[in-house]
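Read top to bottom, the protein sequences are chains A and B.
As numbered in this note's numbering, residues 1 to 272 make up the first sequence, in order.
As numbered in this note's numbering, residues 1001 to 1336 make up the second sequence, in order.
The structure under discussion appears below in the form of structure tokens.
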Amino acid sequence: MVSAALEFEPDAAIAAPGGAPAGARLDVQGVSHGYVLNKAILPVLHDITLHANPGDFIALLGASGCGKSTLLRLVAGLDRPRRGRLQVDGVEITRPDPSRVIMFQDPTLFPWRTVWNNAALGLEARGELKHGRARVDEVLSLVGLDNFHHAYPHQLSGGMAQRAALARALVNDPRLLLLDEPLGKLDSLTRLTMQGEITRLWQQRGFTVLMVTHDVEEALHMAQRVIVFSERPARIRADLQVDLPYPRRRDDPELLRLRREALGLLGLESSW
Amino acid sequence: MSAIAGVNPATTHELFVLDEDVPRPTPLLGFAGLAWFAAATLVLAWPDVQEVERTELLGTLAAGIGGLLLLTWTVGWIVPSLARLGSHWAAWLVVLAVWLSAWEVVTAKLDALPLPFFASPQAFLEVYTDDYARLFDCLWRSMFLHAKGYVIGSALGFVSGVALGMSTRIGYWVHPVLRLIGPLPATAWIPLAFFIFPSSASASVFLIGLACWFPTTVLTWSGVSAVSTAYYDVARTLGASQRFLVLKVAIPAALPHVFVGLFMGLGSSFAVLVVAEMLGVKAGLGWYLQWAQGWAAYANMYADLFIMALMCSTMITLLFRLRDRLLAWQKGLVQW
Ligand SMILES: Nc1ncnc2c1ncn2[C@@H]1O[C@H](COP(=O)(O)OP(=O)(O)O)[C@@H](O)[C@H]1O
Ligand SMILES: [Mg+2]
């Protein structure tokens, strides 16, 4: 598949510096994982294999509790898998790296930092803040938080907090962006707007996206590939290609067909 | 500020209400002024039965307070902040005038209470006019001694608390020591400390430090341990070093707990300060108490206790201010 990002002229001001390819390649090979629960191992992921080309937008779809967040944590390098291998651009993932930024299911903003300082966290942590102040301003205005630089997290609505968390991730110019139900806490209107915004950003920047969601329409509207997981322990049930141009129409017949297929794979064919 | 106010109509509404509600000085404040004048008249016009000095000074001071209150009441019609302040304390000021008059009557005027124990207001005042140099010196020495012990003890407590929370290897060595030594009251070390340390001052610094080290350590430790791992995950994925995780994640997140420890430490360190001064230091407000008791100077003891109370309460207030500053993000309303 040709990366959609290559078809777009990246915005000069916000393109990844250094001329490196914007998106990372991801290879997940035979990964199984589980957690120790009550002295037994609770299997969560079973033999997951998936490959993402640079600039791919892949959605992971599955029931709640099947292991989607677990897979993202493994890709982020926060945990090591019990079996199998994960590689980025051919290099083994052994620990977190700012080129792979994860946006967690909860915004987890630091309550003692203002929105601006939360967004600047990555730059500050790596000692790049001096040269990156304009970058922080720019990303905050991108997610529509221009007027809230000095607000503290407790002064934000749920949706604003998630946008601030998105800004905190984007500031680092990730090559692989891991999104864990990024729009889960938004009202349906903001949700639709943000779906468009994230897709637009991805097209501009050309990073690779791995997005977890339990919303079938959202997955089909945004991603080029939708990977459907089974119940826990998660296996890959299907890898659906969504070969539709952006911006997509929500009533596209092909989309509706895929939606029926995805719901069927999730065991919900009778419920819509 | 403007951004928040701009999107929140409730703010403008509240401002509007505040504008309407310009405070006027309450009549009670004027009454308090008159009550202090009455107290002054009582002090000056009624001849003393007890043999006391400073009656004139006491009367003048009471009249001065009365004049100041009447002035506040008058100016309060123009300056709203004065009106608010004066109106808030008006009831207290009336009660204080009544209390002073009653105290004056049963002691200096009627001699109704047994003397060395129940000193008159004049005697109380006389301690300050005649012995202020010594009292001031004691206050200064107490504060200096306490500050040394408290700063060293809480700083060490903070460091050991963070270390315990962050490193299992340090925890292995410090935890048993903490569990054994920590709960022991610092005062139990007094006889040993005065024997071991070269001077009684250094022994007191050690004791005061010990008294605040324990609560600060335990609460910093529990604060650091309670920091959500999600915060560390966020910082680690953004490229944070171990140093950043400690300084910019663990410590700010633990700060509310740390302050609880600092408050507890402040309380127990006051106790140790006073006891140490009574037993060994031969200076400071605690020593003054002991010394005044030696020749049954009860007025001096009351005057000393009053200063001590002011000192402790000021320290607590300062710590509260510091906390409000550092933890502004916790409160519903943030000042910019
Ligand atoms: N740290 C953990 N310890 C034990 N069990 C866990 C842990 N994290 C997740 N689990 C379990 O693993 C399963 C998958 O969790 P998760 O990956 O968060 O699911 P989801 O697909 O909803 O994101 C759940 O049943 C959850 O209870
Ligand atoms: Mg999840």
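We put the beta carbon where it would ideally sit given N, CA and C, even for glycine.
Bear in mind the structure is a predicted one, so any value in this text is a computation, not a measurement.
Span of the alpha helix (DSSP H), counted from its first residue to its last, around residue i
i, result
"B:F1265", "For the sequence presented, residue 1265 of chain B should be read as Gly rather than Phe. It spans 1251-1276 - the alpha helix (DSSP H) in which B:G1265 sits, taken as one unbroken run."
"A:D215", "It is not in any alpha helix (DSSP H) - A:D215 carries neither H nor E in the DSSP assignment."
"B:S1200", "1200-1225"
"A:I48", "From DSSP, A:I48 is part of no alpha helix (DSSP H) but of the beta strand (DSSP E) over 40-52."
"A:Y246", "Neither: A:Y246 is in no alpha helix (DSSP H) and is coded neither H nor E."
"A:D27", "From DSSP, A:D27 is part of no alpha helix (DSSP H) but of the beta strand (DSSP E) over 26-37."
"B:I967", "Within the shown structure, residues of chain B are numbered from 1001 to 1336, placing residue 967 of chain B beyond reach of any answer."
"A:F229", "No alpha helix (DSSP H) contains A:F229, which is instead part of the beta strand (DSSP E) from 225-229."
"B:P1080", "1080-1104"
"B:G1157", "1121-1166"
"A:N147", "Element bounds for A:N147: n/a, residue is neither H nor E."
"A:S69", "68-76"
"B:S1313", "1298-1326"
Close beta carbons around residue i, own chain, < 7 Å, minus the five adjacent residues each side
i, result
"B:P1025", "W1073, G1076, W1077, A1083, G1086, S1087"
"B:L1210", "G1153, A1186, W1189"
"B:P1023", "P1080, A1083, R1084, S1087"
"A:R259", "V216, E217, L220"
Neighbourhood of residue i by C-beta distance below 6 Å, restricted to the same chain and skipping five residues each side
i, result
"A:L179", "M103, M211"
"A:I93", "G77, L86"
"B:G1059", "A1040, V1043, L1044"
"B:M1278", "G1286, Q1290"
"B:S1101", "A1039, L1042"
"A:F229", "G62, C66"
"A:V209", "F57, L177, W202"
Sequence-distant residues of the same chain with beta carbon closer than 8 Å to residue i, five excluded per side
i, result
"A:H46", "S32, P233, A234, R235"
"A:R250", "E217, H221"
"B:R1321", "none"
"B:L1327", "L1255, P1256, F1259"
"A:L265", "V228, R237, A238"
For residue i, the first and last residue of its enclosing beta strand (DSSP E)
i, result
"A:L240", "236-241"
"B:Q1290", "Where B:Q1290 is concerned, there is no enclosing beta strand (DSSP E), although the alpha helix (DSSP H) it sits in stretches over 1284-1294."
"A:R85", "83-88"
"A:A59", "57-61"
"A:D137", "Per DSSP, A:D137 belongs to no beta strand (DSSP E); it is in the alpha helix (DSSP H), 129-142."
"A:D180", "176-180"
"B:I1065", "Note, B:I1065: premise wrong, no beta strand (DSSP E); alpha helix (DSSP H) at 1055-1075."
"A:I102", "100-103"
Residue i versus the options, residue with shortest Cα-Cα distance
i, options, result
"A:D215", "A:R237, A:E231, A:A262", "A:A262"
"A:D187", "A:L258, A:L220, A:A161, A:D27", "A:A161"
"B:G979", "B:S1313, B:Q1290, B:A1250, B:F1118", "This structure leaves residue 979 of chain B out entirely; chain B is present only between 1001 and 1336."
"A:D106", "A:V91, A:Q204, A:R163, A:D56", "A:R163"
"A:L240", "A:S157, A:D252, A:Q224, A:G23", "A:Q224"
"A:P111", "B:A1035, B:A1254, B:T1129", "B:A1254"
"B:Y1231", "A:A165, A:A40, A:E128, A:N38", "A:A165"
"A:G122", "A:A22, A:L265, A:D173, A:L201", "A:D173"
"A:A22", "A:S69, A:G206, A:L42, A:K130", "A:G206"
"A:V36", "A:L74, A:V44, A:Q29", "A:V44"
"A:R191", "A:V171, A:T213, A:R25", "A:T213"
"B:H1175", "B:A1292, B:T1217, B:A1063", "B:T1217"
Residue i to residue j span [Cα, whole Å]
i, j, result
"B:C1138", "B:L1071", "35 Å"
"A:E231", "A:A63", "6 Å"
"B:N1008", "B:Q1330", "Residue confidence for B:N1008 is low, a pLDDT of 47 falling below 50, so the modelled location carries little weight and cannot support an answer."
"B:A1119", "B:V1159", "48 Å"
"A:R95", "B:G1161", "28 Å"
"A:L145", "A:T199", "18 Å"
"B:I1208", "B:L1184", "13 Å"
"A:R126", "A:D89", "22 Å"
"A:G55", "A:V226", "15 Å"
"B:W1195", "B:L1096", "The sequence shown places Phe at residue 1195 of chain B, rather than the Trp named in the question. Cα to Cα, the separation comes out at about 47 Å."
"B:L1029", "B:F1037", "13 Å"
"A:R135", "B:F1270", "50 Å"
"A:V242", "A:V101", "25 Å"
"B:H1257", "A:G184", "32 Å"
"A:P81", "B:F1214", "41 Å"
"B:V1234", "B:I1170", "25 Å"
"B:G1284", "B:R1236", "51 Å"
"B:L1245", "A:L72", "22 Å"
"B:A1032", "B:L1262", "39 Å"
Between the region 1227-1240 of chain B and chain A, which residues of the former have CB atoms less than 7 Å from a CB of the latter, in chain order? Against chain A - using a Cβ distance shorter than 7 Å - the residues of the region 1227-1240 of chain B are A1230, Y1231, D1233, V1234, A1235, R1236, T1237, L1238, G1239, A1240.
Between the region 114-127 of chain A and chain B, which residues of the former have CB atoms less than 7 Å from a CB of the latter, in chain order? Cβ contacts with chain B come from L121, G122, A125, R126.
Short of 7 Å Cβ to Cβ, which residues in the region 169-195 of chain A face chain B? Within the region 169-195 of chain A, the qualifying residues are N172.
Of all the residues that make up the region 66-89 of chain A, which are near chain B by a beta-carbon distance shorter than 7 Å? The residues in question are A76, L78.
What are the residues in the region 146-162 of chain A lying within 9 Å of chain B by C-beta distance? So the close ones are D146, N147, F148, H149, H150, A151, Y152, P153, H154, Q155.
Anything in the region 1239-1261 of chain B with a Cβ closer than 8 Å to a Cβ of chain A? List those residues in chain order, please. For the region 1239-1261 of chain B, residues whose beta-carbon sits nearer than 8 Å to a beta-carbon of chain A comprise G1239, A1240, S1241, F1244, K1248, V1249, P1252, A1253, L1255.
Residues of the region 1293-1323 of chain B whose Cβ lies closer than 8 Å to any Cβ of chain A, in chain order: Sequence-ordered contacts of the region 1293-1323 of chain B with chain A are nonexistent [C-beta pairs closer than 8 Å].
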